[in-house]
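According to my numbering, the sequence shown is numbered sequentially starting from 91.
Here the structure comes first, spelled out in structure tokens, and everything after it is commentary.
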Amino acid sequence: MSDTTKISKTTAKPEGLISRFMSATELDTRLIGMVGALALIWIGFHLYGALVNGFGAFLTPRNLWNLSVQTSSIGIMACGMVLVIVTRHIDLSVGSLLGFCAIIMGVIQVNILPSFLGLGHPLIWVIAAACGMLLGATVGAFHGWLIAYRGIPAFIVTLGGLLVWRGAGFLVARGETISPVDSTFALLGGGPYGAVGATGSWIIGLIGCAAVVFGVINGRKQRTKFEFKLRPVWADTFLGVVGCAAIIGAVLLVNAYPWPRGIVRRYAEENAITIPEGGLFISHGFAIPVLILLVVGISMTFLMTKTRFGRYVYAIGGNPEAAALAGINTKMMTVKIFAIMGFLAGLSAVVASARLNSATNALGELDELYVIAAAVIGGTSLSGGVGTIFGAILGALVMQSLQTGMVLIGFDAAVQRIVVGSVLVLAVYLDILYRRKSK
């Protein structure tokens, strides 16, 4: 018998260029897929409009600026819905709660505060907005208490809330539309005066670019400090360049959308400005609702990724029993999570009612479905434990892009709902396939 041993040499299959790129940059494949889907939606609607109507109306500064404002309300609530779904709950009441908070804020600033403080007092909008957000947080905490300490399923509690708060709003307003809201409050909804202008947008853009560069450099330092694997220098450079390019592109876009001529003429008359022969170009810049959404997104991302609270949220979503055995007060966490969701519903009510310059009982109808769809499309798993804030914001942008595009090409409301429902089912199915593949 021969003593010679045969050594089999196994050659590993070389890693592809795309795989090496994704590994080096550490980009989320699901996020990249969503960005690609969003680009296809935008280009598809624009080309369809160009073929049918002779011109494309989707990829224009005006439409994209309005799209960003319309996304703000849903995006704000989607940030809170991520926490709820990650912990294996659901909140069906956010749309009705938005409408109820809007009605209460409308009554406060139109019927109550002017009689005490005087019409146009600078504190009216502050008090009204604070009351709306506080009311939302209180209602949300009450829902969380019923779920955590009384053992009622979240589906039932929030389904009841959907009916209760919509009915309560109708009783408070007696079915009437409450308007107009305080003039300063109305600026929070966007519009020509509810934006920061060209100069303000460039300041925000430069601050954002500086933050991106600082984040890349600081992240590299932190990896070195804790002896984590470093990304290649070219990968960090690529991420920094892409981030700054996206911010600068957004600034150029919002600054390319001018004020309407009638408002420019009125503004020039009020400020004794002579309009040149070619017209006066005044940029909108970033709308205030978009900036509110940006602040909420950054704050919630920090909360979920850099704090103990965020780690507890993911731990509860991953395994609630193990989290409780590890000493996490899961009941109090549930109350806090639903309180945050209610607070963001109140903040969204501020944006939505300010944009309409009124409060109606119909405000926020079906928003709960769009919010849940945005979170799920953004990668939040209904099984719990998985979800990102900016993914939910991107999901809200996808949902609003579909709605806006269908309006531009003339689809009626029935078709829009069919598409939204189909996209939601498809998103959940893709999430199931992704989880199976990752196991």
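The beta carbon of each residue, even a glycine, is placed where N, CA and C say it ideally should be.
Asked, Found
"Would you kindly check if the distance between the Cβ of valine 286 and the Cβ of glycine 64 is under 7 Å?", "The question about residue 64 has no answer, for the chain in this structure spans 91 to 529."
"So, do the segment 240-249 and the segment 158-172 have three or more beta carbon pairs nearer to each other than 8 Å?", "no"
"Throw me the rounded Cβ distance for the serine 163 and valine 441 pair, which I believe falls under 8 Å.", "5 Å"
"Beta-carbon separation of glycine 432 and glycine 250 under 7 Å?", "no"
"Note the first and the last residue of the continuous alpha helix (DSSP H) segment covering isoleucine 253.", "Note on identity: in this sequence residue 253 is leucine, with isoleucine being the wrong assignment. Its alpha helix (DSSP H) spans residues 244-263."
"Assign proline 282 to one of three DSSP states: helix, strand, or coil.", "coil"
"Starting from the C-beta of threonine 95, find all residues in its chain whose C-beta is less than 8 Å away, skip the five residues before and the five after it, and write them out in chain order.", "Bear in mind that the predicted position of threonine 95 carries a pLDDT of just 46, short of 50, making it too unreliable to give a figure here."
"Could you tell me which whole alpha helix (DSSP H) segments of length 4 or greater appear in the segment 351-424?", "351-360, 378-396, 398-408 and 410-415"
"What three-state label does DSSP hand tyrosine 524 in the structure shown?", "helix"
"Are glycine 454 and leucine 188 touching if we call contact CB-CB under 7 Å?", "yes"
"According to DSSP, simplified to helix, strand and coil, what is isoleucine 180?", "coil"
"What would DSSP say about alanine 463, mapped onto helix, strand or coil?", "helix"
"Nearest-angstrom Cα distance between tryptophan 132 and isoleucine 338?", "20 Å"
"Starting from lysine 315, follow the alpha helix (DSSP H) in both directions and report where the run begins and ends.", "287-315"
"Taking histidine 179 as the reference, which of Ile479, Gly234 and Gly436 has the closest Cα?", "Gly234"
"Helix, strand or coil, according to DSSP, for proline 204 in the structure here?", "helix"
"Tell whether a beta-carbon distance below 7 Å holds between leucine 225 and isoleucine 198.", "no"
"Using a Cβ-Cβ cutoff of less than 7 Å, which residues in the same chain neighbour glutamine 506 once the five nearest sequence positions on both sides are dropped?", "Gln493 and Met496"
"Under the criterion of a Cβ to heavy atom distance below 6 Å, does isoleucine 198 qualify as lining the ligand GDP?", "Summarising the ligand content, the structure contains no ligands, and the ligand GDP is consequently not present."
"Between Thr391, Thr119 and Phe145, which lies nearest to lysine 527 when the distance is taken from Cα to Cα?", "Thr119"
"What's the call for glutamate 360, buried or exposed, on a 16-neighbour Cβ count within 10 Å?", "exposed"
"Using a Cβ-Cβ cutoff of less than 8 Å, which residues in the same chain neighbour proline 270 once the five nearest sequence positions on both sides are dropped?", "Val200, Ala276, Asn447 and Ser448"
"For leucine 370, which residues of its own chain have a beta-carbon under 8 Å away from its beta-carbon, when the five flanking residues on both sides are left out?", "Val354, Ala358 and Ile363"
"Tell me the DSSP secondary structure of alanine 449 in three-state form.", "strand"
"Assign phenylalanine 428 to one of two classes, buried (16 or more other C-beta atoms within 10 Å of its C-beta) or exposed (fewer than that).", "buried"
"Please confirm whether alanine 439 and cysteine 191 have their CB atoms less than 7 Å apart.", "yes"
"Given a cut-off of 7 Å on the beta-carbon distance, is the pair methionine 423 and tyrosine 402 in contact?", "yes"
"Answer yes if the segment 255-272 comes into contact with the segment 316-326, meaning at least three C-beta pairs across the two stretches below 8 Å, and no otherwise.", "no"
"If you run the structure through DSSP and keep just helix, strand and coil, what is isoleucine 531?", "The displayed coordinates of the chain run from 91 to 529. Any statement about residue 531 would go beyond what the structure contains."
"Please determine if the segment 470-479 and the segment 395-411 are in contact, where contact requires at least 3 C-beta pairs separated by less than 8 Å.", "yes"
"Answer yes if the segment 133-145 comes into contact with the segment 377-387, meaning at least three C-beta pairs across the two stretches below 8 Å, and no otherwise.", "no"
"Count the other CB atoms, across all protein chains shown, that sit within 10 Å of the CB of aspartate 502; report buried if there are 16 or more and exposed otherwise.", "exposed"
"Is the separation between the beta-carbon of aspartate 272 and that of tryptophan 349 shorter than 7 Å?", "no"
"Quick check: what's the CA-CA separation for leucine 393 versus glycine 400?", "6 Å"
"Would you say the segment 459-470 touches the segment 513-520, given that touching needs at least three Cβ pairs under 8 Å?", "yes"
"Measuring CA to CA, which of Thr478, Arg525, Ala504 and Gly485 is closest to valine 172?", "Thr478"
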